[in-house]
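Going by my numbering, the final residue of the sequence shown carries number 237, and the count climbs one at a time with no gaps. We put the CB at the ideal spot given by N, CA and C, even for glycine. Just so it is clear, the structure is predicted and the values come from calculations on it, not from any experiment. Reading through the C-alpha coordinates given below for one structure.
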Amino acid sequence: YDAKKKDQKYFSDTALAFLSGILKYTRSIAAVANPAEVSYSRLVPGYEAPCVVAIGEFNRSAACRIPAIADEKVRSKALRTEFRFPDPLCNPYLLSHAFITAGILGIKNKVKFKGFTDENLYAMSLKQLRTKRYKLLPRTLWEAYSDFMMHADYVKAFGADLHEGHAELILDEIDACQPHANTESMRRHYFD
(Lines of atoms letter the chains of each structure in order from A and count residues from 1; the text may use other names and numbers.)
(Lines give C-alpha, C1' and ligand atoms only; values in the text may rest on other atoms or scores of the structure.)
Protein backbone atom coordinates (compact mmCIF):
# COMPACT_ATOMS: atom_id res chain seq x y z
CA TYR A 1 0.00 0.00 0.00
CA ASP A 2 2.81 2.27 -0.59
CA ALA A 3 0.46 4.55 -0.60
CA LYS A 4 2.93 1.84 0.11
CA LYS A 5 5.31 3.57 2.43
CA LYS A 6 2.88 6.29 3.41
CA ASP A 7 1.93 4.95 6.85
CA GLN A 8 5.06 2.88 7.26
CA LYS A 9 6.97 6.05 8.09
CA TYR A 10 4.88 6.49 11.25
CA PHE A 11 5.72 3.04 12.60
CA SER A 12 9.19 2.18 13.91
CA ASP A 13 10.97 -0.93 12.64
CA THR A 14 10.31 -2.53 16.03
CA ALA A 15 6.59 -1.77 15.77
CA LEU A 16 6.48 -3.22 12.26
CA ALA A 17 8.27 -6.39 13.46
CA PHE A 18 5.76 -6.62 16.34
CA LEU A 19 2.83 -6.30 13.89
CA SER A 20 4.48 -8.83 11.56
CA GLY A 21 4.71 -11.35 14.41
CA ILE A 22 1.03 -10.92 15.16
CA LEU A 23 0.11 -11.32 11.49
CA LYS A 24 2.32 -14.41 11.21
CA TYR A 25 0.52 -16.12 14.11
CA THR A 26 -2.97 -14.66 13.52
CA ARG A 27 -4.46 -18.05 12.66
CA SER A 28 -3.13 -19.45 15.96
CA ILE A 29 -4.32 -16.40 17.89
CA ALA A 30 -7.80 -17.04 16.47
CA ALA A 31 -8.12 -20.01 18.84
CA VAL A 32 -7.86 -17.57 21.75
CA ALA A 33 -9.68 -14.65 20.11
CA ASN A 34 -12.61 -16.78 18.90
CA PRO A 35 -12.96 -19.55 21.51
CA ALA A 36 -16.47 -20.78 20.64
CA GLU A 37 -17.92 -22.55 17.62
CA VAL A 38 -20.40 -19.72 17.18
CA SER A 39 -17.52 -17.22 16.94
CA TYR A 40 -16.83 -18.42 13.40
CA SER A 41 -20.35 -17.71 12.16
CA ARG A 42 -19.44 -14.06 11.58
CA LEU A 43 -16.00 -14.64 10.02
CA VAL A 44 -17.36 -15.39 6.57
CA PRO A 45 -15.55 -14.20 3.42
CA GLY A 46 -17.61 -12.03 1.10
CA TYR A 47 -19.13 -9.93 3.88
CA GLU A 48 -17.45 -7.14 5.82
CA ALA A 49 -16.11 -9.67 8.29
CA PRO A 50 -12.43 -9.22 9.17
CA CYS A 51 -11.40 -12.61 7.80
CA VAL A 52 -8.34 -11.87 5.63
CA VAL A 53 -4.93 -11.92 7.34
CA ALA A 54 -3.71 -8.51 6.18
CA ILE A 55 -3.26 -4.97 7.40
CA GLY A 56 -4.67 -1.96 5.59
CA GLU A 57 -6.38 1.37 6.00
CA PHE A 58 -9.58 1.15 4.04
CA ASN A 59 -10.28 -2.56 4.39
CA ARG A 60 -12.99 -3.79 6.68
CA SER A 61 -12.21 -7.33 5.50
CA ALA A 62 -8.63 -7.13 6.79
CA ALA A 63 -7.96 -8.71 10.18
CA CYS A 64 -5.93 -5.61 11.09
CA ARG A 65 -7.08 -2.15 10.14
CA ILE A 66 -5.48 1.29 10.40
CA PRO A 67 -8.22 3.78 11.32
CA ALA A 68 -8.38 6.70 8.89
CA ILE A 69 -7.16 10.01 10.35
CA ALA A 70 -7.40 12.89 7.90
CA ASP A 71 -5.32 15.50 9.74
CA GLU A 72 -1.63 14.82 9.01
CA LYS A 73 -0.43 16.30 12.32
CA VAL A 74 -2.84 14.20 14.35
CA ARG A 75 -2.06 11.15 12.20
CA SER A 76 1.66 11.30 12.99
CA LYS A 77 0.91 11.15 16.72
CA ALA A 78 -2.25 9.05 16.91
CA LEU A 79 -1.82 6.38 14.25
CA ARG A 80 -2.69 2.93 15.58
CA THR A 81 -3.86 -0.46 14.44
CA GLU A 82 -7.03 -2.37 15.30
CA PHE A 83 -7.27 -6.13 15.20
CA ARG A 84 -10.91 -6.64 14.33
CA PHE A 85 -11.37 -10.39 14.46
CA PRO A 86 -11.61 -11.14 18.24
CA ASP A 87 -15.00 -12.19 19.54
CA PRO A 88 -16.56 -10.73 22.72
CA LEU A 89 -16.62 -14.27 24.15
CA CYS A 90 -12.83 -14.35 24.46
CA ASN A 91 -10.86 -13.91 27.67
CA PRO A 92 -9.31 -10.42 27.23
CA TYR A 93 -6.33 -11.22 29.48
CA LEU A 94 -5.48 -14.39 27.60
CA LEU A 95 -5.99 -12.56 24.30
CA SER A 96 -3.57 -9.81 25.38
CA HIS A 97 -1.06 -12.52 26.24
CA ALA A 98 -1.55 -14.18 22.83
CA PHE A 99 -1.00 -10.89 20.97
CA ILE A 100 2.03 -9.88 23.03
CA THR A 101 3.58 -13.35 22.66
CA ALA A 102 3.21 -13.22 18.86
CA GLY A 103 4.50 -9.66 18.70
CA ILE A 104 7.58 -10.44 20.79
CA LEU A 105 8.31 -13.45 18.58
CA GLY A 106 8.07 -11.10 15.59
CA ILE A 107 10.67 -8.80 17.11
CA LYS A 108 12.91 -11.62 18.35
CA ASN A 109 12.86 -13.49 15.02
CA LYS A 110 13.01 -10.25 12.97
CA VAL A 111 9.91 -11.19 10.98
CA LYS A 112 9.92 -9.12 7.79
CA PHE A 113 7.02 -6.71 7.38
CA LYS A 114 5.20 -7.55 4.14
CA GLY A 115 3.60 -4.15 3.84
CA PHE A 116 0.16 -2.63 4.01
CA THR A 117 -2.53 -3.41 1.48
CA ASP A 118 -4.68 -0.92 -0.35
CA GLU A 119 -6.47 -3.57 -2.39
CA ASN A 120 -10.21 -3.91 -1.92
CA LEU A 121 -10.23 -7.27 -0.15
CA TYR A 122 -14.02 -7.14 0.21
CA ALA A 123 -14.48 -7.22 -3.56
CA MET A 124 -12.07 -10.14 -4.15
CA SER A 125 -13.23 -13.68 -4.68
CA LEU A 126 -11.68 -16.55 -2.73
CA LYS A 127 -9.78 -17.51 -5.88
CA GLN A 128 -8.33 -13.99 -6.20
CA LEU A 129 -7.35 -13.96 -2.52
CA ARG A 130 -5.60 -17.30 -2.95
CA THR A 131 -3.84 -16.15 -6.14
CA LYS A 132 -2.52 -13.08 -4.33
CA ARG A 133 -1.38 -15.33 -1.45
CA TYR A 134 -3.62 -13.86 1.23
CA LYS A 135 -4.42 -16.17 4.11
CA LEU A 136 -7.87 -16.38 5.63
CA LEU A 137 -8.69 -16.72 9.29
CA PRO A 138 -9.85 -20.21 10.29
CA ARG A 139 -13.43 -21.04 9.30
CA THR A 140 -14.08 -23.34 12.28
CA LEU A 141 -12.89 -23.76 15.84
CA TRP A 142 -11.27 -27.07 14.86
CA GLU A 143 -9.22 -25.33 12.18
CA ALA A 144 -8.14 -22.67 14.72
CA TYR A 145 -7.24 -25.39 17.23
CA SER A 146 -5.12 -27.18 14.62
CA ASP A 147 -3.18 -23.98 13.93
CA PHE A 148 -2.89 -23.23 17.65
CA MET A 149 -1.15 -26.60 18.13
CA MET A 150 1.10 -26.34 15.03
CA HIS A 151 3.80 -23.78 15.86
CA ALA A 152 6.30 -25.13 18.41
CA ASP A 153 7.97 -21.74 18.85
CA TYR A 154 4.62 -20.10 19.61
CA VAL A 155 3.64 -22.88 22.03
CA LYS A 156 6.92 -22.49 23.90
CA ALA A 157 6.66 -18.69 24.08
CA PHE A 158 2.97 -18.86 25.05
CA GLY A 159 3.82 -21.10 28.00
CA ALA A 160 3.34 -24.85 27.72
CA ASP A 161 0.98 -25.21 30.71
CA LEU A 162 -1.17 -22.25 29.72
CA HIS A 163 -1.22 -23.43 26.11
CA GLU A 164 -2.20 -26.97 27.10
CA GLY A 165 -4.95 -25.71 29.42
CA HIS A 166 -6.48 -23.53 26.71
CA ALA A 167 -6.19 -26.33 24.16
CA GLU A 168 -8.20 -28.57 26.51
CA LEU A 169 -10.91 -25.91 26.82
CA ILE A 170 -11.09 -25.65 23.03
CA LEU A 171 -11.47 -29.43 22.71
CA ASP A 172 -14.23 -29.38 25.34
CA GLU A 173 -16.04 -26.68 23.34
CA ILE A 174 -15.65 -28.63 20.10
CA ASP A 175 -16.90 -31.81 21.75
CA ALA A 176 -19.87 -30.04 23.38
CA CYS A 177 -20.95 -28.65 20.00
CA GLN A 178 -20.82 -31.97 18.14
CA PRO A 179 -24.18 -33.61 17.55
CA HIS A 180 -24.64 -36.52 19.93
CA ALA A 181 -27.35 -39.11 19.95
CA ASN A 182 -29.62 -39.12 22.97
CA THR A 183 -28.14 -42.30 24.46
CA GLU A 184 -30.75 -42.57 27.21
CA SER A 185 -33.68 -42.67 24.78
CA MET A 186 -31.78 -45.04 22.51
CA ARG A 187 -31.12 -47.40 25.42
CA ARG A 188 -34.84 -47.45 26.37
CA HIS A 189 -35.90 -47.92 22.75
CA TYR A 190 -33.60 -50.85 22.03
CA PHE A 191 -33.18 -52.54 25.39
CA ASP A 192 -36.42 -52.04 27.35
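| Item | Value |
| --- | --- |
| In this structure, does DSSP put V156 in helix, strand or coil? | coil |
| Measuring alpha carbon to alpha carbon, tell me which of W187, D206, E213 and A212 ends up nearest Y40. | No answer is possible for residue 40: it lies beyond the span of the chain, which begins at 46 and ends at 237. |
| Can you list, in chain order, the residues of its chain with a C-beta nearer than 6 Å to that of G148? Leave out the 5 residues immediately preceding and following it. | F63, G66 and I67 |
| Quick check on Q223: does DSSP put it in helix, strand or coil? | coil |
| Pair every Cβ in the segment 83-101 with every Cβ in the segment 176-192, then say whether three or more of these pairs are closer than 8 Å. | yes |
| Applying the criterion that 16 or more other CB atoms from any shown protein chain within 10 Å of the CB defines a buried residue, is V97 buried or exposed? | buried |
| Assuming L88 contacts F144 under a Cβ cut-off of 8 Å, what Cβ separation, rounded to an integer in Å, is found between them? | With a Cβ gap of about 17 Å, L88 and F144 do not count as contacting. |
| For E218, which option in Y179, K172, R72 and L134 has the closest C-alpha, if you only look at C-alpha atoms? | L134 |
| If L182 sits next to L174, beta carbons under 8 Å apart, how far is it from one beta carbon to the other, in whole angstroms? | Not really, about 12 Å apart at Cβ, beyond 8 Å. |
| Whole angstroms are fine: how far does the CA of A205 sit from the CA of P80? | 18 Å |
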